[in-house]
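Protein chains in written order, with our numbering: chain G, 1 to 468; chain U, 1001 to 1147.
All C-beta atoms, glycine included, are put in the ideal place defined by N, C-alpha and C.
To start, the structure itself, in structure tokens.
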């Protein structure tokens, strides 16, 4: 491998790699705003300048590929001075309203200003201000904070495949906006907030909810579709506040779709059933299980297993169901119209899959069959699901729900035994490529809800009712 | 070995010693400057930097606070509870601003952390209440302080 020297450290690189990446590999941070590993290089923020021996002027590290024998200095006097000047220029029009801004705490501009900038501003003139137009339901724009890095514009054209963000006017008057001020159309708008190095583009959903330094992060996997994008759950005090994309170059790169990003809302929803129920009224666990058992005993039972359950839960059910409900047919369900992994396909050209549940492919591997319609004569149904799978229409049968249900969904159920959602359990899910990934527990199950193994144990040990 | 101290007659008589002691008492009682004051008629002058009852400072009738959450972040007693919101005349303001005074240790770090000069500890030190008080936003918005 060719080698170059950065700040006296020998760094190996593959030809074509730029200096930011090479420096990162040997543990040297070069500050940047406009550069993003997944987007084209524009080198317009000028923050990543470095001094290279035998070159007369400073070079931008993001647009300079490393070369054999190159000697790079990232902290020389000249570089420090240039970065300080750049920082001063970037902050000329920045409102410095960090106490109001939701980005503060994870803001590149804030961090680099602290690290590379000056504590004092010499600017006394009036700052430019804009009137912000609404950008649709996902993103809240604040143009005053913008530093014109154009990451959002490049993301739109290069990743989301829609050229909706543009820069109008020039120089100091540049404004980043949508064409004709239209609301954002892409299904990946949440990434604009992730990308933005300042607080110009923020999630409306997360606005003023929590300061970011209070949030605890758990690395987990999205359960929104069969792709299994990597994401991070941010929670505080057992409440999930947001989800952000986590880098995984083989699956989702740096992105997350809005559906997956905002899927977590049902976990802390007001109308989620978190107490065991018999009929429509809350009950003790033992009573609810007794009611559930007697509701399904002596009837022709079918078991529906949501394809949002993990492999571990699926395996457990494969052992539990034949012992307790011998002869009852077992199906998996998840997305209307998607009955097997053959019917699952890419829903768009970026990330989304047609199967809106995470573990369709895994459960099929375990041997569950797809649900089409209930076998003739079925009079009772046991529905087991994690919260994401869409319930099929069940009419004229006694239904027992086990897992995560909303109040409206659980209407008419003979009993509900509240379970854990994807953020409350550990487990494995298999994505459409057969890749096994781990869901990690971020919060505790709310109310009296319990993990599936616990519920099954109570079911098996309960004396109420009779096994079918 | 036990050695008995030899005392003179006057010492053994005690009366002189008692009178001497009484003399000190009388001197202190009648002539020494007094330390106690007649509270509540009389008040002691405290330092301007005394850390007493909290209030949220307002400018032109609008609270300075912008709900940046730096005071709950720095608070070692975790007694400040703020919920942020938006209203037409102010981008971010505290919808709820509560201080659980029973937990507060009056360290004054909230005052120090505040970038907006909003939360203040006044010199008011008479805070006894009949009920277990949580200072809510309306209570704190009253401009009691002198800072």
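Bridge-paired residues (DSSP) for residue i
| i | result |
| --- | --- |
| residue 221/G | 230/G |
| residue 382/G | 303/G, 400/G |
| residue 1096/U | 1083/U |
| residue 265/G | Its beta-bridge partners do not exist; DSSP assigns none. |
| residue 333/G | 306/G |
| residue 248/G | 253/G |
| residue 1063/U | 1058/U |
| residue 427/G | 439/G |
| residue 128/G | DSSP output for residue 128/G lists no bridge partner at all. |
| residue 59/G | 50/G |
| residue 243/G | 233/G |
| residue 370/G | 332/G |
| residue 418/G | 403/G |
| residue 1120/U | 1055/U |
| residue 177/G | 166/G |
| residue 202/G | 140/G |
| residue 12/G | 3/G |
| residue 346/G | 353/G |
Closer than 8 Å at the beta carbon, the chain U residues around residue i
| i | result |
| --- | --- |
| residue 208/G | 1067, 1084, 1085, 1086, 1092 |
| residue 211/G | 1068, 1069, 1073 |
Proximal residues of chain G, C-beta to C-beta of residue i below 8 Å
| i | result |
| --- | --- |
| residue 1116/U | 99 |
Whole-angstrom C-beta distance between residue j and residue i, which should lie under 8 Å
| i | j | result |
| --- | --- | --- |
| residue 141/G | residue 93/G | Residue 141/G to residue 93/G, Cβ: 15 Å. No contact. |
| residue 359/G | residue 310/G | 6 Å |
| residue 1119/U | residue 1056/U | 6 Å |
| residue 389/G | residue 306/G | 3 Å |
| residue 1054/U | residue 1102/U | Rounded, the Cβ-Cβ distance is 13 Å, inconsistent with contact. |
| residue 261/G | residue 190/G | 4 Å |
| residue 1077/U | residue 1104/U | 6 Å |
| residue 178/G | residue 135/G | 6 Å |
| residue 100/G | residue 1092/U | 5 Å |
| residue 398/G | residue 421/G | Between residue 421/G and residue 398/G the Cβ distance is about 25 Å, and since that is not below 8 Å, they are no contact. |
Proximity test, residue i beta-carbon vs the ligand MG heavy atom, cut-off 7 Å
| i | result |
| --- | --- |
| residue 250/G | With respect to the ligand MG, the structure shown offers nothing to examine, as it has no ligands at all. |
Beta carbon proximity, residue i to chain B, threshold 8 Å
| i | result |
| --- | --- |
| residue 367/G | Among the protein chains of the structure shown, namely G and U, there is no chain B. |
Stretch-stretch touch, CB-based, cutoff 8 Å, three pairs: the region 390 to 408 of chain G with the region 263 to 274 of chain G: yes
Segment contact, 8 Å Cβ cut-off, at least three pairs: the region 434 to 448 of chain G with the region 219 to 226 of chain G: yes
contact_flag[the region 1037 to 1048 of chain U, the region 1063 to 1073 of chain U] where n(CB pairs < 8 Å) is 3 or more: no
Segment contact flag, the region 193 to 200 of chain G with the region 223 to 233 of chain G, C-beta cutoff 8 Å, min 3 pairs: no
Contact the region 316 to 333 of chain G vs the region 287 to 302 of chain G: 3+ CB pairs below 8 Å: yes
At least three beta-carbon pairs within less than 8 Å, the region 311 to 321 of chain G to the region 343 to 353 of chain G: no
Touching by the beta-carbon criterion (3+ pairs, under 8 Å), the region 289 to 297 of chain G and the region 408 to 427 of chain G: yes
The region 1001 to 1019 of chain U contacting the region 1081 to 1089 of chain U, beta-carbon criterion three pairs below 8 Å: no
Touching by the beta-carbon criterion (3+ pairs, under 8 Å), the region 59 to 68 of chain G and the region 168 to 183 of chain G: no
Contact between the region 146 to 156 of chain G and the region 110 to 122 of chain G (3+ Cβ pairs under 8 Å): no
Stretch-stretch touch, CB-based, cutoff 8 Å, three pairs: the region 67 to 82 of chain G with the region 45 to 52 of chain G: yes
At least 3 beta-carbon pairs within less than 8 Å: the region 4 to 16 of chain G vs the region 32 to 40 of chain G: no
Validate contact between the region 445 to 455 of chain G and the region 364 to 372 of chain G using beta carbons, cut 8 Å, 3 pairs: no
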